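Numbering (the numbering used here), first residue to last: 29 to 403.
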């Protein structure tokens, strides 16, 4: 970490010391996890232990946890691994879900970004009448707004029509409780680098009865569900970060207080400020802020120059000149003026003070510049 105030945890969290230490220890293991000699068995032990850790975190079965290269691959495996299914996804899903199946049918959301259950039921009923097998994919928490979806209600509805449910829980991991049994879902995608683990490692957990066609072939790894030698270093770091994230759940109340103070102070200074999804349940660490008249990218650069790192939306869309599909589906205005501020376990009260100060200065400078041009 640098001296810069980092408030972009939804893009990636800093590598935690626990993950770093676990990865350093794993570096001393030479063997391939598929080898039967002592060194290979040592590598296999790391993988198996991590698999149990991830399964415990999700309330799942270790034998049904598939390690992947990240959340994107996990989502792609879930959406492409089932044969002969019609896919329904919410209109506000992550690009790795939306682009995984271009033929998917979109479920609309309301003004807060919450899925329209009545619309979903109508779609399920229509598919059932046509004899179609359906997979519904709905994220647990939105990466841009933090809005939490009623996934258990979605799953109950899907079960009535014999549909399976996949849940992208990448942003929810470590921030709200995750339990596949309570969510009633068939598949859950997660990723390490959102919780202080290394980049390039994720997992897809599947329920009994889910049979996936592997998308990466070439070996019997991951119970023949995903070929290729396991990323032992990444897996070791993932497990360590998962244990830390579970313990860190106790700090979510403190993070909520920091996020709420940030929003309150900004709103009191700028009545025109719009907070996307404010009217519904959100992740306590996430604020999507729309400041009409000031492009999001301009805000990101100004804040960066002021020593604060945030983003203008999904990290997977950064650098691309396009408006947020999430905010568009919510029917919001001035969506090109949105920024995302996301807090983490390391965020301090001083970080919030710095952000508010730099943001206020940025807004004041913009207002003065506009006044000069008007004159």
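We treat Cβ as the ideally placed atom computed from N, Cα and C, and that holds for glycine. Treat the numbers as computed from the prediction; the structure is a model and nothing was measured.
Excluding five sequence neighbours on each side, which residues of the same chain lie with their C-beta closer than 8 Å to the C-beta of residue 104?
In the chain shown, residue 104 corresponds to position 76, counting from 1. Short of 8 Å from the beta carbon of residue 104, and not among the five residues preceding or following it, lie these beta carbons of its own chain, in chain order: 124, 128 and 243.
Determine which residues share a DSSP beta bridge with residue 316 and list them.
Indexing the chain shown from 1 puts residue 316 at position 288. Its beta-bridge partners are 368.
Count the C-beta pairs between the stretch 256-265 and the stretch 306-322 that are closer than 8 Å, then say yes if the count reaches three, no if not.
no
Shortest alpha-carbon distance to residue 143 belongs to which of 352, 167 and 258?
On the chain shown, position 115 is the one that residue 143 refers to. Ranking the options by Cα distance to residue 143, first place goes to 167.
Report yes or no: do the stretch 224-238 and the stretch 59-69 share at least 3 C-beta pairs separated by less than 8 Å?
No, because fewer than three Cβ pairs between the stretch 224-238 and the stretch 59-69 fall closer than 8 Å, the two stretches do not touch.
Can you give the Cα-Cα distance for residue 381 and residue 290, rounded to whole angstroms?
Here residue 381 is taken as the residue at index 353 of the chain shown, counted from 1. Here residue 290 is taken as the residue at index 262 of the chain shown, counted from 1. So the alpha carbons of these two residues sit roughly 8 Å apart.
If I follow the unbroken beta strand (DSSP E) through residue 163, where does it start and stop?
The sequence position of residue 163 within the chain shown is 135, counting from 1. From DSSP, the beta strand (DSSP E) with residue 163 extends over 162-165.
Can you find at least 3 beta carbon pairs, one from the stretch 179-188 and one from the stretch 147-166, that sit closer than 8 Å?
The stretch 179-188 is in contact with the stretch 147-166.
Kindly confirm or deny that the stretch 30-39 and the stretch 367-377 touch, where touching means at least three C-beta pairs closer than 8 Å.
With contact defined as three or more Cβ pairs closer than 8 Å, the stretch 30-39 and the stretch 367-377 are in contact.
So which of 91, 158, 286 and 194 has the shortest CA-CA distance to residue 375?
Here residue 375 corresponds to residue number 347 of the chain shown, with the count starting at 1. It is 286.
Kindly give me the distance between the Cβ atoms of residue 351 and residue 119, rounded to whole angstroms, as I take these residues to be in contact under 8 Å.
Residue 351 sits at position 323 when you count from the first residue of the chain shown. Residue 119 sits at position 91 when you count from the first residue of the chain shown. About 14 Å; that fails the 8 Å criterion.
At what residues does the beta strand (DSSP E) containing residue 194 begin and finish?
As a working mapping, residue 194 is identified with position 166 in the chain shown. That run of the beta strand (DSSP E) goes 192-196.
Beta carbon of residue 400: closer than 7 Å to some heavy atom of the ligand HEM?
The ligand HEM is not part of this structure, which contains no ligands at all.
Measuring straight from C-alpha to C-alpha, what distance separates residue 152 and residue 186?
What you label residue 152 is simply residue 124 of the chain shown in a count that begins at 1. What you label residue 186 is simply residue 158 of the chain shown in a count that begins at 1. About 7 Å.
Would you call the stretch 77-87 and the stretch 289-307 touching, i.e. three or more CB-CB distances under 8 Å?
Verdict: no, contact absent.
Whose C-alpha, out of 240, 149, 100 and 221, is nearest the C-alpha of residue 111?
Residue 111 sits at position 83 when you count from the first residue of the chain shown. It is 240 whose Cα lies nearest to the Cα of residue 111.
Which same chain residues end up closer than 7 Å to residue 60 when comparing Cβ atoms and leaving out the 5 residues on each side of it in sequence?
Looking up residue 60 in the chain shown gives position 32. For residue 60, where only same-chain residues beyond five positions count, the Cβ hits under 7 Å are 68, 71 and 257.
How far does the beta strand (DSSP E) with residue 230 in it extend, from its first residue to its last?
The sequence position of residue 230 within the chain shown is 202, counting from 1. Start and end: 230-234.
With distances taken Cα to Cα, identify the nearest neighbour of residue 359 among 133, 141, 130 and 389.
The sequence position of residue 359 within the chain shown is 331, counting from 1. Nearest option by C-alpha distance: 141.
Expressed to the nearest angstrom, what Euclidean distance is found between the alpha-carbon atoms of residue 2 and residue 57?
This structure gives no information on residue 2, because the portion of the chain shown stretches from 29 to 403.
Have a look at the DSSP bridge pairing and note the partners of residue 94.
As a position in the chain shown, residue 94 is number 66, starting the count at 1. 232.
Use the C-beta contact count for residue 155: other C-beta atoms within 10 angstroms, 16 or more gives buried, fewer gives exposed.
For the purposes of this step, residue 155 is identified with residue 127 of the chain shown, where counting begins at 1. Result: buried.
Residue range of the beta strand (DSSP E) that residue 114 falls in?
Against the chain shown, residue 114 aligns to sequence position 86. Where residue 114 is concerned, the enclosing beta strand (DSSP E) stretches over 114-118.
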